[in-house]
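Residue numbers (our numbering): 0 to 159.
In this text, a Cβ means the ideal position worked out from N, Cα and C, and glycines have one as well.
Keep in mind the model is a prediction, meaning the values are calculated, not measured.
Heads up, the thing below is written out as structure tokens.
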């Protein structure tokens, strides 16, 4: 993840209530929480284990899963489909820059690889890449901001 991308994601989550809870224990700085999530998402095998993350970052073993849950809870408030006025603006920029008329977003699919076969209906997750995975679809606007994301179709499904 580039520093620019990190700072952009941080700016989107820093004010979110999931990262500003006021309980008995003070909550970690949102920057640290995002670093831990990025590390975990970019790791596999034992590197992504809760114990390894706790030792590496000096947090409790319960912190890493909770941290990821916090980040995922922000999704609905970070990605939003543009309102009518903004869609008009996006369409104008897109036709000016690329010549595509009436285009609000660009769409692509990808396969999120799984380390292990799912315990439930595992064969459904076997993909065309000869690995287990879950299909994802992402729509971004002309400024490369993610506007919509869907993750969840098993890897054996055709393009979504």
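Under the three-state reduction of DSSP, residue 143 is assigned to coil, being neither helix nor strand. Burial check for residue 20: the Cβ neighbour count within 10 Å stays below 16, so the residue is exposed. In the DSSP assignment, the residues bridged to residue 131 are 125.
Cβ contact annotation for residue 50 (same chain, cutoff 8 Å, sequence separation greater than five): 60, in chain order. Of the residues assessed, residue 70 falls on the buried side of the cut-off, its CB having 16 or more other CB atoms within 10 angstroms. Residue 0 and residue 11 have their alpha carbons spaced roughly 16 Å apart.
Here residue 28 is exposed, its C-beta having fewer than 16 other C-beta atoms within 10 Å. Going by beta carbons, residue 99 and residue 147 fall outside the 8 Å limit.
Taking 8 Å as the cut-off, the Cβ atoms of residue 66 and residue 102 do not count as close.
Minimum Cα-Cα distance from residue 64 among the listed residues 151, 48, 57, 16 corresponds to 48.
Note that the region 114-123 does not touch the region 136-147; fewer than 3 beta-carbon pairs, one per stretch, sit closer than 8 Å.
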